[in-house]
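Chemist:
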Amino acid sequence: MHIRTLLLTLCFFSVALSANAQIRYQLGITAGVNHASLRSDLFATSSGRLAPALGCSFAVGFGRLFELNQEIVLTFKGAKARAVYFRPEEKPGEHTFSYHYNTFETALFAGIRPGARVPLLLLGGFFGANFHGLDRSQRELMIGDYENINNAMRAVDLNDAFAGIDFGPAAGIAAGEGRFRANARYYLGMKNLYNYLDFVSPGPRIRTGSLRLTLTCFLH
1150 MHIRTLLLTL CFFSVALSAN AQIRYQLGIT AGVNHASLRS DLFATSSGRL
1200 APALGCSFAV GFGRLFELNQ EIVLTFKGAK ARAVYFRPEE KPGEHTFSYH
1250 YNTFETALFA GIRPGARVPL LLLGGFFGAN FHGLDRSQRE LMIGDYENIN
1300 NAMRAVDLND AFAGIDFGPA AGIAAGEGRF RANARYYLGM KNLYNYLDFV
1350 SPGPRIRTGS LRLTLTCFLH
């Protein structure tokens, strides 16, 4: 009886050690660029915002086929919106208004590698906190209706929409073995940022999107 128990115990530890040998833990520094965009029915955008992204990445690999990856990043987002300046008895003057803000976000991905020479395919989601220091001086610029000032709104009145929580799905690929890894990921914001404004009627929407290209250097 004691021999059987001993054999079962040895078998259990053998399996556990074998399983642990298949698990790897990696912590790394992540840096790259983020191209952000805004989707809204209140304004048209003339360009997105290209800015640096810096953070860290923690990966837990289960063999060569499956991995969990968490990313924590500080980056800068936003876009330039089309705006106009209404002038008496003249055609509205064309301008742009920059909705630029900062975000501190975390994302969690599940990755699978279909083959030995195939990049890691990633699927997950992100959660971020936005904050801004936007300029409130250009109060004459209007958005919403580019032809009729009575139906337009001041561009600066949307500033506070970019101070709140954002979240949504994310997907991408990662290529590289060992200490270095190249990443390409897209983040689709699902939160309507317009709802963060006070004393406004519901209806319009402002949502985000980001394409991020980074390089991760793992510490071991």
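Residues in the sequence shown are numbered consecutively from 1150, following the working numbering.
In this text, a Cβ means the ideal position worked out from N, Cα and C, and glycines have one as well.
(1) Check each candidate in R1330, G1274, L1270 and Y1174 and name the one with the smallest Cα separation from D1315.
(2) Measuring CB to CB, does L1217 end up less than 8 Å from A1259?
(3) For the pair the region 1206 to 1222 and the region 1233 to 1245, tell me if three or more CB-CB distances fall below 8 Å.
(4) Going by DSSP in three states, N1300 sits in which element: helix, strand or coil?
(5) By DSSP's criteria, L1223 is part of a beta bridge. Which residues make up the other side?
(6) L1307 by DSSP, collapsed to three states: which one?
(7) Assuming the contact rule is C-beta atoms closer than 8 Å, G1293 and G1317 should be a hit. Round their C-beta distance to whole Å, please.
(8) So, helix, strand or coil for Y1234, using DSSP?
(9) Would you check if the region 1357 to 1367 and the region 1287 to 1303 touch, i.e. whether three or more CB-CB distances between them fall below 8 Å?
(10) Are K1226 and A1185 close, meaning C-beta to C-beta below 8 Å?
(11) Taking P1201 as the reference, give the member of F1253, L1290 and Y1295 with the closest Cα.
(12) By DSSP, does Y1345 sit in helix, in strand, or in coil?
(13) Straight-line CA distance for E1310 to G1204?
(14) Would a check of beta-carbon distances place G1197 closer than 8 Å to chain C?
(15) For Q1287, name the three-state secondary structure that DSSP assigns.
(16) Measure the beta-carbon distance from N1323 to L1271 and round it to whole angstroms, keeping in mind my assumption that it falls under 8 Å.
(17) Would you decide whether F1276 is buried or exposed? Buried here means 16 or more other CB atoms lie within 10 Å of its CB.
(18) Rounded to the nearest angstrom, what separates Y1343 and L1307 at their Cα positions?
(19) Is it right to say I1261 is buried, meaning 16 or more other beta carbons lie within 10 angstroms of its own, or is it exposed?
Modeler: Quick look at the numbers:
(1) Nearest option by C-alpha distance: G1274.
(2) Against a cut-off of 8 Å, the Cβ pair of A1259 and L1217 comes out as a contact.
(3) Contact between the region 1206 to 1222 and the region 1233 to 1245 is absent, because fewer than three Cβ pairs lie under 8 Å.
(4) When DSSP states are grouped into helix, strand and coil, N1300 belongs to the helix group.
(5) In the DSSP assignment, L1223 forms a beta bridge with L1203 and F1253.
(6) DSSP places L1307 in helix when its eight states are reduced to three.
(7) Not quite, the Cβ-Cβ distance comes to about 25 Å (not below 8 Å), so this is no contact.
(8) The answer is strand: DSSP assigns Y1234 an E or B state.
(9) No, the region 1287 to 1303 does not touch the region 1357 to 1367.
(10) Result yes, Cβ atoms of K1226 and A1185 sit closer than 8 Å.
(11) The option with the nearest alpha carbon to P1201 is F1253.
(12) It is helical.
(13) Just to set this straight, residue 1310 is Ala in the shown sequence, not Glu. It is roughly 25 Å from the alpha-carbon of A1310 to the alpha-carbon of G1204.
(14) In the structure shown, chain C cannot be found, because there is only a single protein chain.
(15) In the three-state reduction of the DSSP assignment, Q1287 falls in the coil class.
(16) Reading off the sequence shown, one finds Ala at residue 1323, where the question assumed Asn. Contact flag correct, Cβ pair sits at about 6 Å.
(17) It is exposed - the Cβ of F1276 has fewer than 16 other Cβ atoms within 10 Å.
(18) A direct Cα-to-Cα measurement between Y1343 and L1307 gives close to 8 Å.
(19) Classified as exposed, I1261 has fewer than 16 neighbouring CB atoms from the shown chains inside 10 Å of its CB.
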